[in-house]
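Peer 1:
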Amino acid sequence: LLWDRFAIVTRSATQQLRDAEFIAAAKALGASTPYILLRELLPNLMSALTVVTTLEMAHAILLESTLSFLGLGVQPPTPSWGLMVAEGKAYMFFQPWVIVIPGVVLALLVLAINLVGDGIRDLNAPDGRN
Numbered sequence: 114l115l116w117d118r119f120a121i122v123t124r125s126a127t128q129q130l131r132d133a134e135f136i137a138a139a140k141a142l143g144a145s146t147p148y149i150l151l152r153e154l155l156p157n158l159m160s161a162l163t164v165v166t167t168l169e170m171a172h173a174i175l176l177e178s179t180l181s182f183l184g185l186g187v188q189p190p191t192p193s194w195g196l197m198v199a200e201g202k203a204y205m206f207f208q209p210w211v212i213v214i215p216g217v218v219l220a221l222l223v224l225a226i227n228l229v230g231d232g233i234r235d236l237n238a239p240d241g242r243n
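Throughout, the working numbering is defined as the position within the sequence shown, counted from one, plus 113.
(1) According to DSSP, is F119 helix, strand or coil?
(2) May I have a chain-ordered list of the beta strand (DSSP E) segments no shorter than 3 residues that lie completely inside the stretch 140-197?
(3) On a CA-only basis, which of T127, R234, L219, L162 is nearest S193? Give me that one, please.
(4) Ordered along the chain, which non-local residues of its own chain (more than five positions away) have a Cβ less than 6 Å from that of E177?
(5) Would you tell me roughly how many angstroms separate the C-alpha atoms of P189 and L168, rounded to the nearest one?
(6) DSSP three-state label for F207, please.
(7) Please determine, among T191, N237, V164, the residue with the shortest C-alpha to C-alpha distance to T109.
(8) Which class does A133 belong to by DSSP, given the choice of helix, strand or coil?
(9) Check whether the stretch 121-135 and the stretch 148-162 are in contact - that is, three or more C-beta pairs closer than 8 Å.
(10) Given a cut-off of 8 Å on the beta-carbon distance, is the pair I214 and M205 in contact?
(11) I need the straight-line Cα distance from K202 to L228, nearest angstrom please.
Here it is, written out as C-alpha cells:
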C-alpha cells in the first residue's frame, strides 16, 4: 500500500482542522498538545483516513488479482481471483462462466469494500456531512 496517500490526506485534513474553533477553545482552556491531538484532532481525522484505507484495500485486491492474472502474483495451487480468471482463459468461448464468475465476484468485492468505507465515513463524520 502507498503511505503517501495517507500522509497527504492526514496533512490536508490537519491543516483544515488547525484553525477550527474547537481546537482554539481547547488551547484557550489550557489543554496540552497530546490531549488536543488525541481528543480533538484524531477523531476528526478518522473519517478521512477510513475512506483512504478502504480505497487502498480495494486497490490492493485489484493489484493482487492483476499480478496473479499476469502470472507474477500467487502461484498455483494457491487460490486467487486473478489466477482463476487466467486459468479460465482457455475455456472462455465454451464455458464463459469460468471467467465471468470470478470477475463479477471480484468487482462486487471491490464495490462492497468501497461502500462499507463510505458508510463508515458517514457514521464517523463529525459535522454530519453526507
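For each residue, glycine too, the CB sits at the ideal point set by N, CA and C.
Peer 2: According to the data block:
(1) Taking the first residue of the sequence shown as 1, we reach residue 119 at position 6. Residue state, collapsed to three classes: helix.
(2) none
(3) Numbered from 1 along the sequence shown, position 80 holds the residue referred to as residue 193. The shortest C-alpha separation from S193 is found at L219.
(4) The residue given as residue 177 occupies position 64 in the sequence shown. The answer, listed in chain order, is G186.
(5) Within the sequence shown, residue 189 is the residue found at index 76, counting from 1. Within the sequence shown, residue 168 is the residue found at index 55, counting from 1. Taking the straight line from one Cα to the other gives about 27 Å.
(6) Position 94 of the sequence shown holds residue 207. In this structure, F207 counts as coil in the three-state DSSP scheme.
(7) For residue 109 there is no data in the structure shown, the boundaries of the chain being 114 and 243.
(8) Position 20 of the sequence shown, counted from the start, is the residue given in the question as residue 133. The answer is coil: DSSP assigns A133 none of H, G, I, E or B.
(9) yes
(10) Counting from one through the sequence shown, the residue named residue 214 turns up at place 101. Counting from one through the sequence shown, the residue named residue 205 turns up at place 92. It is not a contact, given that the beta carbons lie outside the stated cut-off.
(11) As a working mapping, residue 202 is identified with position 89 in the sequence shown. As a working mapping, residue 228 is identified with position 115 in the sequence shown. Spanning the two alpha carbons is a distance of roughly 30 Å.
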